[in-house]
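As structure tokens, the structure follows; a few thoughts come after it.
In my numbering, the protein residues as written are 35 to 326.
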């Protein structure tokens, strides 16, 4: 198997490369940042020169490179769309020119709208783009639509992976999981909005394994990669206390303002035989060395 990966210096990219090395999978890749990885080149996905880096007939182009956080895109629509939409279109044309056998696109649960309590979103649920105020979510939705259209016009098999909220061992850009764990370990008081607020958080190692599980799919598919269960902020605090042996006081700023966003991973289980393996305790333990 030969893969071409964009965003090799990213949080997910580094973990994917580590897993590919472990499985003896041949990878070449590109990122704006030169991270010193073998066979990975500093390059811009918006440049026509990206095409020359893609091996002819590569088994899959895995497109991770993007402005990947909502705060990086907020009120910066031009910058966001230049990278996330135009960069993706450029990479699609490059992949087409090099006869790639599959295109895998990193999307996000941010594309879903109108969550209702107790109901999990699935890949078949309609999405009203008018409900979105996030430039990041819009950029992912537009790229999904572009990829669907390109596939219908003869582009290679295309797989869109909608990632859940990812956490894991990293120095910065933390999700609520790492941030709360760090607060429990280092502070006397931990403050959250509502302890009952939750998401189906997923560890970066599970995301990497899900990407590889999707390699080889035919047709056009959208697949959610999500944690197996809802994890509340209260759950994170309790498990963090267990691991750190610390017992800070906990305050809720808005206990009645509960935010629950659940997305189903049933299709991933059935179609690519994937589900998250790393539970919250094991996932938090992987973050230990990055506490500050």
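A virtual CB, placed ideally from N, CA and C, is assigned to each residue, including glycine.
Within a Cβ cutoff of 7 Å, which residues of the same chain sit near residue i, ignoring the five residues on either side of it in sequence?
i           : result
residue 239 : 49, 202, 312
residue 165 : 147, 148
residue 154 : 296, 297, 298
residue 273 : 314, 315, 318
residue 291 : 227, 228
residue 247 : 306, 307, 308
residue 169 : 107, 108, 110, 111, 114
residue 61  : 37, 39, 51, 54, 73
DSSP three-state call for residue i: helix, strand or coil?
i           : result
residue 93  : coil
residue 137 : strand
residue 277 : helix
residue 158 : coil
residue 66  : coil
residue 248 : helix
residue 124 : helix
residue 116 : helix
residue 59  : coil
residue 305 : helix
residue 321 : coil
residue 292 : coil
residue 101 : coil
residue 174 : helix
residue 168 : coil
Buried or exposed: residue i, going by 16 or more other Cβ atoms within 10 Å of its Cβ?
i           : result
residue 205 : exposed
residue 67  : exposed
residue 151 : exposed
residue 293 : exposed
residue 76  : exposed
residue 217 : buried
residue 234 : buried
residue 330 : The chain is shown from 35 up to 326; residue 330 falls before or after that span and cannot be answered.
residue 174 : buried
residue 97  : buried
residue 91  : exposed
residue 303 : exposed
residue 237 : buried
residue 184 : buried
residue 281 : exposed
Suppose the cutoff is 6 Å on Cβ atoms and the five residues either side in sequence are ignored; what does the same chain contact list for residue i look like?
i           : result
residue 35  : 59, 93
residue 156 : 298
residue 172 : 166
residue 64  : 40, 75, 77, 87
residue 143 : 196, 198, 297
residue 194 : 139, 141, 178, 256
What residues in its chain sit with their C-beta under 8 Å from that of residue i, if we drop five residues either side in the sequence?
i           : result
residue 180 : 119, 122, 123, 126
residue 326 : 216, 220
- Task: Within the stretch 191-240, note down every full beta strand (DSSP E) run reaching 3 residues or more, in order along the chain.
- Result: Runs of the beta strand (DSSP E) inside the stretch 191-240: 192-197, 223-226.
- Any 3 or more C-beta pairs closer than 8 Å across the stretch 280-293 and the stretch 246-261: No: fewer than three Cβ pairs fall under 8 Å.
- Query: Is the stretch 159-175 touching the stretch 124-132 in the sense that three or more CB pairs, one from each, lie closer than 8 Å?
  - Reply: The way I'd put it, the stretch 124-132 doesn't touch the stretch 159-175; fewer than three beta-carbon pairs between them come closer than 8 Å.
- Check whether the stretch 255-272 touches the stretch 217-236, taking contact to mean three or more Cβ pairs, one atom from each stretch, closer than 8 Å. Proximity of the stretch 255-272 to the stretch 217-236 meets the contact definition, three or more beta-carbon pairs being nearer than 8 Å.
- Specify whether the stretch 76-90 and the stretch 101-113 touch according to this definition: at least 3 beta carbon pairs, one from each stretch, less than 8 Å apart. The stretch 76-90 vs the stretch 101-113: no contact.
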